[in-house]
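Chains as they are written, first to last, in our numbering: chain C, 39 to 598; chain Z, 56 to 389. By construction, the Cβ of each residue, glycine as well, lies at the ideal position given by its N, Cα and C atoms. If you're wondering where the values come from, they're calculated on a predicted model, not measured in any experiment. Here the structure comes first, spelled out in structure tokens, and everything after it is commentary.
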Amino acid sequence: MRVHRKAGRLVALTAAAGLLVAACGGDDAGDSGDSGTGNDSGDPKTFIFGSSEDPKTLDAAYVSDGESLRVIYQVYETLVALEPGTTEVVPGLAEEWEISDDGLTYTFHLREGVTFHDGEPFNAEAVCFNFDRWYNFTGPQQSGDVSYYWQTVFGGFATADLESSPATSRYGSCEATDEFTATLNLTEPSSALLAGLVLPPFSIASPTAIEEGGTDIEQAGDSLSYTGGFGSEVVAGTGPFKFVSWERGESLTLERNDDYWGDAPALDEIIFRPIPDATARLQALQAGEIDAYEGVNAADIGAIESNGDQVVERPAFNVGYVGFNNKLPIFQNEKIRQAIAHALNRQGLLDAAYPEGAVVANQFLPPEQWGYNDGIEGYEYDPELAKQLIADSGETNLTLEFWYPADVSRPYMPDPQAVYESFAADLQAVGFTIVPKTVPWTPDYLQNIQGDGLGQLFLLGWTGDYADPDNFVGTFFRQDRPEFGFSDPTIQGLLNEALAETDQAAREALYQEANQAIYDYIPGVPFVHNQPLLAVAGRVTGYTPSPVSLEDFDLIDIEG
Amino acid sequence: MLRFIVRRLALLVPILLGLSVLLFAWVRALPGGPAYALLGERATPEAVAAIESQLGLDRPLWEQYLQFLGRAVRLDFGASLQTGQPVIEEMLRRFPATIELALAALLIAVCVGIPLGYLAARRYGTWIDSLAVTGSLLGVTIPIFFLAYILKYVFAVELGWLPTAGRSDPRARADHPTGFYVLDGIITGNLDASWDAIQHLILPALALSSIPLAVIVRITRASVLNVVNEDYVRTAEAKGLLPGTITWRHVLKNAMLPVTTVIGLQLGVLLAGAVLTETVFAFAGVGKFMADGIVQRDFPTIQGFILVIAVVYVVINMIVDLVYGLLDPRVRVS
């Protein structure tokens, strides 16, 4: 034993000494290469986006989070697309389309000469393969967090495997009428369908790649595991950029698709680097390591601009509102609703508690969305009028519970408590007695307000899923909802009529009318459309912000 | 020796069992439970009920715990809610980054800390000593993330010498067969890639090394001060031994015993510190993955991370005890 211990001691000492020598003498190792933090002219044009996290998967059908959608939007395409920077639906992989008079049949005439990144041809069969795949999702694929957008736009599946699976589906069938004509048959009309089909989850992927990669989802413990290789190892769409590599947590690289059917992008490659911390993203931009990032803090605007970089405002696609629970007797008094609308100093709140670019909302629909009624001027801030309305109302008990969520920041409400404090002061100034009521956002707040209808006055809002007015006002008012607690036949009638209408001009007029009706009724007071901010390096041109956060990186160029 | 190892490993069992009960209880105590964590904002009451029956969350608690334990023993912590990939795969993929970073930080701490501590002791009471003591106090107290932002601001943003984020320049598209980027460059013969990886390591390693460095300086200083006043050092000096011989054979070697223990213990501190450092430097290791997991309520990842780190911590401590025994014949591990 003695010998052993001595030998062991020697080994330990030698190892320690070796380590020290290697460490202390090691800093002259390697040759002096380029540090790689600059981009000399002549180098490939690389656009590096500092994302907040990795995508979940590049299997478009399974995602609904912003970081996944951002990458997928560059690699894949959908039948119909969006005019960059707007919510207008334009041709995508389908050059044109017809909708039958009953709104049940959509005939898509496809672009010819398009190939997938894996070399397979794009045709009607490929389109129907994708639709049939989505419709035939089974088991965990029907989970609300996996196929969220399919369920939002089409409803259910061929079978209803989970308790939460929608019972019926708008999807009937897809037929490849000829090589470049795909016919989509619905079971009930939905005029919001085209606006839904522009979303990346309806991307047409190469059937060969889907089958080769595999798309399984398995239950793993308390969560779901994406075990298929499609979307992580095998990725093939038709978009302007194609997948190169993905080192999780470090970088995801795309390169230009030289066989792209449309205009060739100016960029040679795009790299997405996940940097979760907003301050770290700012520093990376300042050091020239990334070219853009989302989620700029208002406090950083000065630092970004003084560095010669740009702050880009994305058009607001959200609305924050003070809701009323209209089933309570006090809110059934129209004068009280009007009094509150005139008592709230919304501009004052925005000046004090919102970043630059936030605008006062007058409707439950953002101005960028068609269907917005330009004729509505908004409730004027007028405390005297509010007091008069209260006096006229005859109400004597003016005590109200004002609900706001704790510990949460929403795109339309970065600081709920600040909003509450400002509005509570406004309401108290005109004679209301406000009782604060706050609970955590998840799970209690939404459940209490939207599920159980416990709120009286409450703060809430919505960020659009896709560019159709039904996604805003339809969500709020087309059906009875416990949060608003009222049922107005005029408003519901207009919204249902608008959803069934297939003529675009007529739909737009109906939504404008509905917005006027909502404005006149005052089921709540919308107060803000907040604009998310992006930072883009000074040398980048062509970054076109999109209201629905779908930005085409093929429009981007880099100077110098 | 073997019996010692077996006994220490056996000690892991109750520790891990207790930890598993805590971790299991914690997820069940989350507001709304796992179903809400899974569904996030789209958690309608119906969807929550469906998920709960799908995942077996409506079964008795003890039954759920046994299932959880059964899976954990097989290192199956479920899939990460962030990536939809098995947690254990995600951790294995990211461990090389954390080990690389922790080793780099430890090397800085040891290479700077021991000489500085020694110097401070031999120049006891001088300005060098005061500087070392004050500096180490600062090193222990300054928050890592604050130090990290300062380092980045000075050396990356203002001076432009070093990068602010990541493990490598993604434009280089280097191959990474092992996941240890510095080593990968050497293996693949791409020394530029190694150098790039080293540049990306310097600032995070500096930030992460601040606490261990400070601790090592103080322990070395105290330990050397103790030893230089020992009789055998005086004897050695009286015998007229060369100063170098006294320093290496009599002072440093004996003073290193407590330092070794501390270095081992600091490995645990490094793993904890890696959570912050990796997040601030967007360094794709397990620490950052864990921090992202906390933000996104990725409970399978958090459970897996804590269990694995507990095992690593216990094993490191065991190794330290073994090394201690090797360095000091008076310590008998049995």
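What did DSSP end up calling residue i once you bin it into helix, strand or coil?
{"i": "residue 161 of chain C", "result": "coil"}
{"i": "residue 332 of chain C", "result": "strand"}
{"i": "residue 170 of chain Z", "result": "helix"}
{"i": "residue 239 of chain Z", "result": "helix"}
{"i": "residue 137 of chain C", "result": "strand"}
{"i": "residue 250 of chain Z", "result": "helix"}
{"i": "residue 270 of chain C", "result": "coil"}
{"i": "residue 342 of chain Z", "result": "helix"}
{"i": "residue 408 of chain C", "result": "coil"}
{"i": "residue 449 of chain Z", "result": "This structure cannot speak to residue 449 of chain Z, because chain Z is shown only from 56 to 389."}
{"i": "residue 290 of chain C", "result": "strand"}
{"i": "residue 135 of chain Z", "result": "coil"}
{"i": "residue 163 of chain Z", "result": "helix"}
{"i": "residue 422 of chain C", "result": "helix"}
{"i": "residue 261 of chain C", "result": "strand"}
{"i": "residue 464 of chain C", "result": "helix"}
{"i": "residue 302 of chain Z", "result": "helix"}
{"i": "residue 234 of chain C", "result": "helix"}
{"i": "residue 448 of chain C", "result": "strand"}
{"i": "residue 119 of chain C", "result": "strand"}
{"i": "residue 129 of chain C", "result": "strand"}
{"i": "residue 453 of chain C", "result": "coil"}
{"i": "residue 113 of chain C", "result": "helix"}
{"i": "residue 96 of chain C", "result": "coil"}
So which residues on chain Z does residue i lean against when the C-beta distance must stay under 7 angstroms?
{"i": "residue 502 of chain C", "result": "Result: empty, since nearest Cβ-Cβ is about 14 angstroms, beyond 7 angstroms."}
{"i": "residue 84 of chain C", "result": "226"}
{"i": "residue 205 of chain C", "result": "Residues of chain Z passing the Cβ test: none, with the nearest at roughly 12 angstroms."}
Whose Cβ in chain Z lies nearer than 8 angstroms to the Cβ of residue i?
{"i": "residue 311 of chain C", "result": "220, 221, 225 and 337"}
{"i": "residue 475 of chain C", "result": "Ordered by position in chain Z, no residue passes the 8 angstroms Cβ test against residue 475 of chain C, which lies about 17 angstroms from the chain."}
{"i": "residue 94 of chain C", "result": "137, 138 and 139"}
Between which two residues does the beta strand (DSSP E) holding residue i run?
{"i": "residue 500 of chain C", "result": "495 to 501"}
{"i": "residue 441 of chain C", "result": "437 to 444"}
{"i": "residue 87 of chain C", "result": "84 to 89"}
{"i": "residue 311 of chain C", "result": "307 to 312"}
{"i": "residue 144 of chain C", "result": "143 to 148"}
{"i": "residue 351 of chain C", "result": "348 to 351"}
{"i": "residue 53 of chain Z", "result": "Outside the shown range of chain Z (56 to 389) lies residue 53 of chain Z, about which nothing can therefore be said."}
Going by beta carbon distance, what residues of the same chain come within less than 7 angstroms of residue i, once the five residues before and after it are set aside?
{"i": "residue 448 of chain C", "result": "499"}
{"i": "residue 253 of chain Z", "result": "237"}
{"i": "residue 487 of chain C", "result": "441, 493, 496, 498 and 521"}
{"i": "residue 218 of chain C", "result": "147, 148, 150, 161 and 162"}
{"i": "residue 306 of chain Z", "result": "279, 282, 283 and 288"}
Give the residues of chain C in contact with residue i, contact being defined as C-beta atoms less than 8 angstroms apart.
{"i": "residue 298 of chain Z", "result": "Correct list: empty, because the minimum Cβ distance to chain C is about 20 angstroms."}
{"i": "residue 344 of chain Z", "result": "287"}
If I follow the unbroken alpha helix (DSSP H) through residue i, where does it start and stop?
{"i": "residue 79 of chain Z", "result": "57 to 84"}
{"i": "residue 247 of chain C", "result": "245 to 251"}
{"i": "residue 361 of chain C", "result": "Where residue 361 of chain C is concerned, there is no enclosing alpha helix (DSSP H), although the beta strand (DSSP E) it sits in stretches over 356 to 362."}
{"i": "residue 384 of chain C", "result": "384 to 391"}
{"i": "residue 315 of chain Z", "result": "308 to 335"}
{"i": "residue 380 of chain C", "result": "372 to 381"}
{"i": "residue 285 of chain C", "result": "Here residue 285 of chain C belongs to no alpha helix (DSSP H); instead the beta strand (DSSP E) covers 279 to 285."}
{"i": "residue 289 of chain Z", "result": "286 to 293"}
{"i": "residue 340 of chain C", "result": "339 to 344"}
{"i": "residue 210 of chain C", "result": "Element bounds for residue 210 of chain C: not the alpha helix (DSSP H) but the beta strand (DSSP E), 209 to 216."}
{"i": "residue 565 of chain C", "result": "Where residue 565 of chain C is concerned, there is no enclosing alpha helix (DSSP H), although the beta strand (DSSP E) it sits in stretches over 562 to 566."}
Please list, in chain order, the chain Z residues whose beta carbon lies closer than 9 angstroms to that of residue i.
{"i": "residue 263 of chain C", "result": "133, 134, 135, 139, 140 and 141"}
Residues of chain C with a CB under 7 angstroms from the CB of residue i: which are they?
{"i": "residue 212 of chain Z", "result": "321, 324 and 325"}
{"i": "residue 347 of chain Z", "result": "91 and 314"}
{"i": "residue 334 of chain Z", "result": "314 and 315"}
Among the residues of its own chain, which have a CB less than 8 angstroms from the CB of residue i, if the five just before and after it don't count?
{"i": "residue 78 of chain C", "result": "With a pLDDT of only 45 at residue 78 of chain C, under 50, the local geometry of the prediction cannot be trusted, and no value is derived from it."}
{"i": "residue 378 of chain Z", "result": "315 and 319"}
For residue i, return the contacting residues in chain C, with the cut-off set at a CB-CB distance below 9 angstroms.
{"i": "residue 104 of chain Z", "result": "201 and 202"}
Which residues in the same chain as residue i place their Cβ atom closer than 6 angstroms to its Cβ, once the five residues preceding and following it in sequence are excluded?
{"i": "residue 61 of chain C", "result": "Confidence in residue 61 of chain C is poor, its pLDDT being 41 and thus under 50, which makes the residue's placement too unreliable to answer from."}
Alpha helix (DSSP H) runs contained entirely in the stretch 475 to 550 of chain C, provided each spans 4 or more residues: Those alpha helix (DSSP H) runs which fall completely within the stretch 475 to 550 of chain C and span 4+ residues are 527 to 538.
Quick check for students: name the residue ranges of the alpha helix (DSSP H) that lie wholly in the stretch 179 to 234 of chain Z, counting only runs of 4 or more. Counting whole runs of 4 or more residues, the stretch 179 to 234 of chain Z contains the alpha helix (DSSP H) stretches 182 to 196 and 199 to 207.
Counting only runs that start and end within the stretch 155 to 206 of chain C, where is the alpha helix (DSSP H) found for 4 or more residues in a row? Segments of the alpha helix (DSSP H) lying fully in the stretch 155 to 206 of chain C: 162 to 173 and 186 to 191.
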